[in-house]
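Worksheet: one structure, shown below.
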RNA sequence: GGCGUGGUAGCUCAGGUGGUAAGAGCGUCGGAUUCAUAACCCGGAGGCCGAGGGUUCGACUCCCUCCCACGCUACCA
């Protein structure tokens, strides 16, 4: 076993608040693991922070007129605060705008550059002459070459989902100035993943104990062959490239963000008053480095970042990357833009953190996507936290209070049931430990709850309410044993329920902070004064969760109403419109393109000629259903080759809010102009 | 289309190098009990382990094909 552990959680992007999906993916499991290990007395730190770079933050500036710095400042503080309140116990929560982070990531770039790792490539990119800058993908809009949507982004068309490159856009427009950008050559540094693939491949294959979903995803990438990846880009928001002649270039966010783990650790060390101490966590072979992330982050943490570290040298490589899948909400995918999410800040206004820590912990998407529902939240709290755990503790302590004046009885001539119940403590502890060690947190939590179940069973079977009258010794034994189980639970459940277990420890008169090794069969000495205390877990009524569900539905609906109508475009002059030649056409044939999952190949009769037009409508129509339909066609669009077939024109479609497409149909004769 | 992960009781999910493992919790039905937050405890019902083939003495567990979900990826107007 390693001497120490460094846990990192994916740096949350500082352009929005934290929701349940974030917690389930990375932060909660990371926190459970860290707290568990720490309870075991191991040397472990948990590092995280805000990722403040990247294009989306600068786009928000365009949309809301807010400076990027304002946005990241706001969300950095908000997220840091809500994590703390929720009990995600980071040793340090840094941010990638810090000076030290800039220096650290620049040092990485320089070192790799000096070692000749990077390759430089020249490429053509769109340039806004008025703003005097190259335009990132998201800074360009234009007509989608696939579906004709006029507000496609440079990297992707949100209508048809095609991934694009900015130079493909028809009539590209700069988001900054509205001008038509020019194509200009630029030069960038690339990490030659293609060349380095064998190294990363053999490293990955040498990993043990990795989850199937993580290994599978890595192999999938490797099988396809890695593409070289640009490390720099033309942008001003980010870490400047530390070289002469690289003005207005910054490090690509995928490169600098994971380095944020290192810079945050450095800052942590400084805070601890020992500025070299970060090295023991990053550069000592006795450290195991564990990255907690969601599945969307696998490639960065399993391929690119390890490679970066490898090439820099001196650094430890991740021992495991226990990535989680995604959390659904009420059976639907989370969508922040559609308002289908539960924000942690909102949750904290209504409930205690431990409740969600438990419920989310029991439904972490460890092996496949999982589902969170408010109904389930209620059930778990009522029938597990309240009925099993809370009730066991309360019946034990209140019984002791009532019939033994709150004094823990002695264990005298214990019977078989007493001994085997005590023995369960050690067994449960072993099972729970193993589950945590294997990153099986759901199982660890279930096993912990099982100890409370065991307690209830034992308590019921030994019937102290009867022995109280005819066999006080046996009655005392029951309470002694039950109290030891409570005490064990107060430690074993601490990773999940830190606040509640602290309360329990107080009731049990456990003044000093006990750890995992202290979990034994004699944690509480006879004659200790224990209190019944308050009920630890109150039940949640139906109307409370109904209200949450209602809130969720409202927020998703209200957002949908706002989004229902795409905003009207700018006034267009008539000539612009008149340049388009729209015609009525008849679909005379339609065939499936097996290699494409969107396109149908249509033969369209325009009267004066017959054309082949490709349309991305496979999902909505089957070929046989549309033959014979009259449709409206853009007849003078420049031809475009897709799937090796030239498409001559475009079939107009109306798209509903949910993406459903309909033909623009007419009864006019074939070939008639439309205007 | 390619690749990856998953498709197990009404619900949420475990499991498995092929053979006395088809499992848990919740829900449901019945019983017992009263210390306790109408809680706890015991018992029953409920699954051709996504579909179809194949290998095998034997497959939920291996192979092939297909369907569905999620993700990644692709020249998709």
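Residue numbers (this note's numbering): 6 to 680. Glycine included, every Cβ here is placed at the ideal spot set by N, Cα and C.
Whether residue i touches residue j by CB criterion (9 angstroms)
| i | j | result |
| --- | --- | --- |
| residue 294 | residue 319 | no |
| residue 449 | residue 16 | no |
| residue 371 | residue 446 | yes |
| residue 481 | residue 273 | no |
| residue 4 | residue 513 | Residue coverage of the chain in this structure runs from 6 to 680, which leaves residue 4 outside it and unanswerable. |
| residue 502 | residue 380 | no |
| residue 193 | residue 125 | yes |
| residue 456 | residue 430 | yes |
| residue 56 | residue 109 | no |
| residue 636 | residue 676 | no |
| residue 419 | residue 531 | no |
| residue 416 | residue 382 | no |
| residue 493 | residue 528 | yes |
| residue 2 | residue 176 | The requested residue 2 is not part of the displayed model; the chain covers only 6 to 680. |
| residue 231 | residue 256 | no |
| residue 216 | residue 327 | yes |
| residue 521 | residue 496 | yes |
| residue 681 | residue 122 | This structure cannot speak to residue 681, because the chain is shown only from 6 to 680. |
| residue 191 | residue 132 | yes |
| residue 397 | residue 491 | yes |
| residue 207 | residue 105 | no |
| residue 720 | residue 19 | There is no way to answer for residue 720, as the model of the chain reaches only from 6 to 680. |
| residue 347 | residue 24 | yes |
| residue 5 | residue 544 | As shown, the chain starts at 6 and ends at 680. That puts residue 5 outside it, with no answer to give. |
| residue 587 | residue 640 | yes |
| residue 334 | residue 377 | yes |
Supposed close pair residue i, residue j - CB separation, criterion 8 angstroms
| i | j | result |
| --- | --- | --- |
| residue 618 | residue 593 | At roughly 11 angstroms, the Cβ-Cβ gap does not stay under 8 angstroms, so residue 618 and residue 593 are not in contact. |
| residue 315 | residue 259 | Not confirmed; about 16 angstroms, so no contact. |
| residue 426 | residue 465 | About 12 angstroms; that fails the 8 angstroms criterion. |
| residue 290 | residue 321 | 7 angstroms |
| residue 94 | residue 40 | 7 angstroms |
| residue 595 | residue 631 | 5 angstroms |
| residue 178 | residue 145 | 7 angstroms |
| residue 638 | residue 655 | 7 angstroms |
| residue 542 | residue 394 | 7 angstroms |
Which of helix, strand or coil DSSP assigns to residue i
| i | result |
| --- | --- |
| residue 489 | helix |
| residue 682 | Here the chain comprises residues numbered 6 to 680, so residue 682 is not present and cannot be evaluated. |
| residue 3 | Past the edges of the chain, shown from 6 to 680, lies residue 3, and the structure says nothing about it. |
| residue 528 | coil |
| residue 534 | strand |
| residue 267 | helix |
| residue 147 | strand |
| residue 282 | coil |
| residue 45 | coil |
| residue 518 | coil |
| residue 77 | helix |
| residue 641 | coil |
| residue 412 | strand |
| residue 242 | coil |
| residue 106 | helix |
| residue 383 | helix |
| residue 115 | helix |
| residue 679 | strand |
| residue 364 | helix |
| residue 55 | strand |
| residue 134 | coil |
| residue 4 | This structure cannot speak to residue 4, because the chain is shown only from 6 to 680. |
| residue 404 | helix |
| residue 502 | coil |
| residue 590 | strand |
| residue 32 | helix |
| residue 290 | coil |
| residue 507 | helix |
| residue 551 | helix |
Quiz item: Fully enclosed by the segment 418-479, which beta strand (DSSP E) runs are 3 residues long or longer?
Solution: none
Exercise. Answer yes if the segment 47-59 comes into contact with the segment 269-287, meaning at least three C-beta pairs across the two stretches below 8 angstroms, and no otherwise.
Key: Between the segment 269-287 and the segment 47-59, the count of C-beta pairs closer than 8 angstroms reaches three or more; the two stretches touch.
Exercise. Would you check if there are 3 or more beta carbon pairs closer than 8 angstroms linking the segment 504-512 to the segment 406-415?
Key: no
Self-check item: Inter-stretch contact at 8 angstroms, needing at least 3 Cβ pairs: the segment 90-97 / the segment 223-234
Solution: no
Self-check item: Start-end ranges of the alpha helix (DSSP H) lying completely within the segment 302-331, minimum 4 residues
Solution: 310-317
Quiz item: What runs of the beta strand (DSSP E), each 3 residues or longer, lie entirely inside the segment 172-218?
Solution: 175-179, 187-196
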